[in-house]
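All letters in the sequence shown, in the order written, are residues 1 to 250 by the working numbering. We put the beta carbon where it would ideally sit given N, CA and C, even for glycine.
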Amino acid sequence: SIGKGSELVSGDFGAEGLSIEERVMHEAKLSIGDKLTIDIGGNVVTLPITSVRKVDWGSMQPNFYLILPKAALTGYPANFVSSVFISNDKAQPFYKAMSEFPTVSLLNVGDLLTQIQMVIGQLSQAIQLVLFCILSAGGLVLLASVRSTLEERLEEGALLRVLGARKALVQQALFVEFGALGLFSGVIAAAGAEACLYGLQTFLFQAQASWHPLLWGLGPLIGVTIISAIGLFASRKVLSVPPMHLLRDV
(Lines of atoms letter the chains of each structure in order from A and count residues from 1; the text may use other names and numbers.)
(Lines give C-alpha, C1' and ligand atoms only; values in the text may rest on other atoms or scores of the structure.)
Protein backbone atom coordinates (compact mmCIF):
# COMPACT_ATOMS: atom_id res chain seq x y z
CA SER A 1 0.00 0.00 0.00
CA ILE A 2 1.02 3.63 -0.44
CA GLY A 3 1.14 4.14 3.33
CA LYS A 4 0.04 6.91 5.65
CA GLY A 5 1.40 10.38 5.07
CA SER A 6 1.67 9.83 1.31
CA GLU A 7 -0.60 10.91 -1.51
CA LEU A 8 -0.47 9.55 -5.06
CA VAL A 9 0.06 12.49 -7.43
CA SER A 10 0.24 10.67 -10.74
CA GLY A 11 0.93 7.27 -12.24
CA ASP A 12 0.12 3.74 -11.08
CA PHE A 13 1.48 2.82 -7.66
CA GLY A 14 0.78 -0.89 -8.11
CA ALA A 15 2.79 -1.18 -11.34
CA GLU A 16 6.10 -3.05 -11.44
CA GLY A 17 8.24 0.06 -11.26
CA LEU A 18 9.61 2.78 -9.01
CA SER A 19 7.50 5.16 -6.96
CA ILE A 20 9.37 8.43 -6.41
CA GLU A 21 8.78 11.36 -4.06
CA GLU A 22 7.50 14.47 -5.87
CA ARG A 23 10.17 16.95 -4.76
CA VAL A 24 13.04 14.58 -5.59
CA MET A 25 11.57 14.02 -9.04
CA HIS A 26 11.42 17.77 -9.73
CA GLU A 27 14.94 18.41 -8.39
CA ALA A 28 16.38 15.59 -10.51
CA LYS A 29 14.29 16.72 -13.52
CA LEU A 30 12.74 13.27 -13.94
CA SER A 31 9.35 12.23 -15.24
CA ILE A 32 7.17 9.13 -15.35
CA GLY A 33 8.66 6.57 -17.72
CA ASP A 34 12.29 7.49 -17.06
CA LYS A 35 14.47 4.60 -15.93
CA LEU A 36 16.68 4.65 -12.85
CA THR A 37 19.60 2.31 -12.21
CA ILE A 38 20.12 1.44 -8.54
CA ASP A 39 23.12 -0.38 -7.07
CA ILE A 40 21.95 -2.62 -4.20
CA GLY A 41 24.84 -4.37 -2.51
CA GLY A 42 26.77 -4.66 -5.76
CA ASN A 43 23.77 -5.81 -7.78
CA VAL A 44 22.41 -3.37 -10.36
CA VAL A 45 18.65 -3.00 -10.77
CA THR A 46 17.10 -0.87 -13.53
CA LEU A 47 13.43 0.09 -13.17
CA PRO A 48 11.13 2.68 -14.75
CA ILE A 49 9.36 5.39 -12.75
CA THR A 50 5.68 4.47 -12.71
CA SER A 51 4.24 6.74 -9.99
CA VAL A 52 4.85 9.97 -8.12
CA ARG A 53 3.99 10.52 -4.44
CA LYS A 54 3.58 13.65 -2.35
CA VAL A 55 4.93 12.90 1.13
CA ASP A 56 4.04 14.72 4.33
CA TRP A 57 7.32 14.39 6.21
CA GLY A 58 5.78 16.01 9.28
CA SER A 59 3.32 13.15 9.77
CA MET A 60 5.89 11.10 11.76
CA GLN A 61 5.04 8.06 9.63
CA PRO A 62 7.67 5.85 7.93
CA ASN A 63 8.18 7.07 4.38
CA PHE A 64 10.76 6.85 1.63
CA TYR A 65 12.00 8.84 -1.34
CA LEU A 66 11.99 5.70 -3.49
CA ILE A 67 9.74 2.65 -3.19
CA LEU A 68 10.65 -0.42 -5.22
CA PRO A 69 8.28 -3.28 -6.11
CA LYS A 70 8.51 -6.32 -3.87
CA ALA A 71 9.65 -8.55 -6.73
CA ALA A 72 12.72 -6.38 -7.34
CA LEU A 73 13.91 -6.88 -3.74
CA THR A 74 13.43 -10.64 -3.52
CA GLY A 75 16.52 -12.28 -2.09
CA TYR A 76 17.84 -9.17 -0.37
CA PRO A 77 18.06 -8.78 3.43
CA ALA A 78 15.06 -6.92 4.85
CA ASN A 79 14.55 -4.57 7.78
CA PHE A 80 11.20 -4.06 9.47
CA VAL A 81 10.13 -0.79 11.09
CA SER A 82 7.45 -0.45 13.74
CA SER A 83 6.49 1.88 16.59
CA VAL A 84 5.23 1.25 20.09
CA PHE A 85 4.28 3.46 23.02
CA ILE A 86 5.85 2.55 26.36
CA SER A 87 5.03 4.51 29.52
CA ASN A 88 7.91 5.66 31.71
CA ASP A 89 7.20 3.13 34.46
CA LYS A 90 7.46 0.26 31.96
CA ALA A 91 10.42 1.54 29.97
CA GLN A 92 13.19 -0.26 31.88
CA PRO A 93 11.52 -3.71 31.82
CA PHE A 94 10.86 -3.24 28.11
CA TYR A 95 14.50 -2.35 27.36
CA LYS A 96 15.66 -5.32 29.43
CA ALA A 97 13.41 -7.67 27.48
CA MET A 98 14.56 -6.24 24.14
CA SER A 99 18.23 -6.74 25.09
CA GLU A 100 17.70 -10.45 24.45
CA PHE A 101 17.24 -9.65 20.75
CA PRO A 102 20.58 -8.24 19.50
CA THR A 103 19.27 -7.65 15.97
CA VAL A 104 16.56 -5.27 17.22
CA SER A 105 17.52 -1.58 17.27
CA LEU A 106 15.54 0.76 19.52
CA LEU A 107 15.18 4.51 19.01
CA ASN A 108 13.67 6.47 21.88
CA VAL A 109 11.71 9.24 20.18
CA GLY A 110 10.99 10.88 23.54
CA ASP A 111 14.69 11.52 24.19
CA LEU A 112 15.07 12.89 20.67
CA LEU A 113 12.14 15.28 21.11
CA THR A 114 13.50 16.40 24.49
CA GLN A 115 16.86 17.20 22.89
CA ILE A 116 15.15 19.13 20.09
CA GLN A 117 13.09 21.11 22.61
CA MET A 118 16.24 21.96 24.57
CA VAL A 119 18.01 23.21 21.42
CA ILE A 120 14.96 25.27 20.43
CA GLY A 121 14.82 26.73 23.95
CA GLN A 122 18.48 27.74 23.78
CA LEU A 123 17.96 29.32 20.37
CA SER A 124 14.95 31.22 21.70
CA GLN A 125 17.01 32.60 24.58
CA ALA A 126 19.76 33.67 22.18
CA ILE A 127 17.22 35.39 19.92
CA GLN A 128 15.68 37.16 22.92
CA LEU A 129 19.14 38.41 23.96
CA VAL A 130 19.81 39.72 20.44
CA LEU A 131 16.38 41.37 20.40
CA PHE A 132 17.08 43.06 23.74
CA CYS A 133 20.41 44.37 22.44
CA ILE A 134 18.73 45.70 19.28
CA LEU A 135 16.01 47.44 21.30
CA SER A 136 18.61 48.93 23.65
CA ALA A 137 20.66 50.20 20.72
CA GLY A 138 17.53 51.67 19.13
CA GLY A 139 16.65 53.44 22.36
CA LEU A 140 20.14 54.93 22.62
CA VAL A 141 19.97 56.12 19.00
CA LEU A 142 16.60 57.75 19.69
CA LEU A 143 17.97 59.48 22.80
CA ALA A 144 20.96 60.77 20.85
CA SER A 145 18.70 62.01 18.06
CA VAL A 146 16.45 63.89 20.49
CA ARG A 147 19.46 65.36 22.30
CA SER A 148 20.91 66.64 19.03
CA THR A 149 17.70 68.59 18.29
CA LEU A 150 16.98 69.62 21.87
CA GLU A 151 17.84 73.30 21.32
CA GLU A 152 15.40 73.58 18.42
CA ARG A 153 12.71 71.84 20.46
CA LEU A 154 13.29 74.19 23.38
CA GLU A 155 12.92 77.24 21.14
CA GLU A 156 9.78 75.87 19.47
CA GLY A 157 8.23 75.00 22.83
CA ALA A 158 9.05 78.43 24.27
CA LEU A 159 7.57 80.17 21.23
CA LEU A 160 4.36 78.16 21.44
CA ARG A 161 3.95 78.87 25.15
CA VAL A 162 4.59 82.60 24.64
CA LEU A 163 1.88 82.61 21.97
CA GLY A 164 -0.55 81.20 24.51
CA ALA A 165 -0.22 77.45 24.13
CA ARG A 166 -0.56 75.51 27.35
CA LYS A 167 1.98 73.01 28.54
CA ALA A 168 -0.49 70.19 27.80
CA LEU A 169 -0.69 71.24 24.14
CA VAL A 170 3.09 71.18 23.78
CA GLN A 171 3.16 67.78 25.44
CA GLN A 172 0.47 66.51 23.06
CA ALA A 173 2.47 67.78 20.08
CA LEU A 174 5.53 65.88 21.29
CA PHE A 175 3.43 62.76 21.87
CA VAL A 176 1.99 62.94 18.35
CA GLU A 177 5.49 63.32 16.89
CA PHE A 178 7.00 60.39 18.76
CA GLY A 179 3.80 58.35 18.51
CA ALA A 180 3.84 58.64 14.72
CA LEU A 181 7.48 57.57 14.71
CA GLY A 182 6.65 54.60 16.96
CA LEU A 183 3.67 53.63 14.79
CA PHE A 184 5.81 53.64 11.66
CA SER A 185 8.55 51.63 13.41
CA GLY A 186 6.02 49.10 14.71
CA VAL A 187 4.52 48.56 11.25
CA ILE A 188 7.98 48.07 9.74
CA ALA A 189 8.89 45.62 12.53
CA ALA A 190 5.65 43.65 12.06
CA ALA A 191 6.22 43.47 8.31
CA GLY A 192 9.78 42.24 8.83
CA ALA A 193 8.69 39.61 11.36
CA GLU A 194 5.89 38.44 9.05
CA ALA A 195 8.34 38.13 6.16
CA CYS A 196 10.80 36.13 8.30
CA LEU A 197 8.05 33.79 9.51
CA TYR A 198 6.84 33.30 5.94
CA GLY A 199 10.35 32.36 4.83
CA LEU A 200 10.83 29.92 7.72
CA GLN A 201 7.45 28.26 7.25
CA THR A 202 7.66 28.02 3.47
CA PHE A 203 11.31 27.29 2.73
CA LEU A 204 12.77 25.80 5.93
CA PHE A 205 9.91 23.78 7.42
CA GLN A 206 8.12 23.16 4.09
CA ALA A 207 4.80 24.06 5.73
CA GLN A 208 1.87 26.17 4.68
CA ALA A 209 2.39 29.83 5.52
CA SER A 210 -0.09 31.40 7.93
CA TRP A 211 -1.09 34.99 8.70
CA HIS A 212 -0.24 36.44 12.14
CA PRO A 213 -2.64 39.32 12.89
CA LEU A 214 -1.33 39.55 16.48
CA LEU A 215 1.98 40.87 15.14
CA TRP A 216 0.25 43.69 13.30
CA GLY A 217 -1.60 44.65 16.48
CA LEU A 218 1.19 44.35 19.04
CA GLY A 219 3.98 45.72 16.82
CA PRO A 220 2.57 49.24 16.34
CA LEU A 221 1.23 49.31 19.92
CA ILE A 222 4.60 48.44 21.44
CA GLY A 223 6.37 50.83 19.06
CA VAL A 224 4.12 53.75 20.02
CA THR A 225 4.45 52.97 23.74
CA ILE A 226 8.24 52.55 23.89
CA ILE A 227 9.26 55.32 21.49
CA SER A 228 6.77 57.80 22.97
CA ALA A 229 8.03 57.07 26.48
CA ILE A 230 11.70 57.46 25.47
CA GLY A 231 11.01 60.56 23.38
CA LEU A 232 8.97 62.32 26.08
CA PHE A 233 11.57 61.45 28.70
CA ALA A 234 14.38 62.87 26.54
CA SER A 235 12.32 66.00 25.78
CA ARG A 236 11.13 66.64 29.33
CA LYS A 237 13.29 69.79 29.50
CA VAL A 238 11.06 71.37 26.82
CA LEU A 239 8.18 71.39 29.31
CA SER A 240 10.14 72.20 32.47
CA VAL A 241 12.25 75.20 31.38
CA PRO A 242 10.38 78.57 31.63
CA PRO A 243 9.92 80.19 28.18
CA MET A 244 11.16 83.63 29.36
CA HIS A 245 14.44 82.07 30.42
CA LEU A 246 14.93 80.73 26.90
CA LEU A 247 13.84 83.93 25.15
CA ARG A 248 16.43 85.95 27.09
CA ASP A 249 19.14 83.77 25.56
CA VAL A 250 17.86 84.22 22.00
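Relative to GLU194, the option among GLY164, PRO213, GLY179 and VAL52 whose CA is nearest is PRO213. Taking C-alpha positions only, PHE184 is separated from LEU112 by approximately 43 Å.
Between ARG53 and the set ARG23, GLY192, LEU142 and ASN79, the nearest pair of CA atoms involves ARG23.
With contact defined as three or more Cβ pairs closer than 8 Å, the segment 201–219 and the segment 177–192 are in contact. In the DSSP annotation of this structure, the continuous segment of the beta strand (DSSP E) that includes ASP39 starts and ends at 35–40. For the options GLN208, PHE233, GLY182 and SER235, the alpha carbon positioned closest to that of PRO220 is the one of GLY182. In the three-state reduction of the DSSP assignment, VAL104 falls in the coil class, being assigned neither a helical nor a strand state.
Separation of the CB atoms of VAL146 and GLY231 is rounded to 6 Å, and the pair is thereby assigned contact status at 8 Å. Annotation: GLY41 to LEU129 spans about 51 Å, alpha carbon to alpha carbon.
Assigned with DSSP and collapsed to three states, ASN88 falls in helix. VAL81 and ILE67 have their C-alpha atoms spaced approximately 15 Å apart.
No Cβ-Cβ contact shorter than 7 Å links ASN79 with GLY5. Pairing SER51 with SER99 gives a Cβ-Cβ distance that is not under 7 Å.
Residue pairing for ARG53: DSSP places it in a beta bridge opposite LEU8 and GLU21.
Around the Cβ of ARG153, a 10 Å sphere holds 16 or more other Cβ atoms; the residue is buried. Of the other Cβ atoms in all chains shown, fewer than 16 fall within 10 Å of the Cβ of ARG166; this residue is therefore exposed. Residue pairing by DSSP places ILE67 opposite SER19 in a beta bridge.
Cβ-Cβ distances below 6 Å link GLY157 to VAL170 and VAL238 in the same chain, with the five nearest sequence neighbours on each side left out; the list follows chain order.
In this structure, the alpha-carbon of SER31 lies about 18 Å from that of PRO69.
Cβ contact annotation for ALA72 (same chain, cutoff 7 Å, sequence separation greater than five): VAL45 and LEU47, in chain order.
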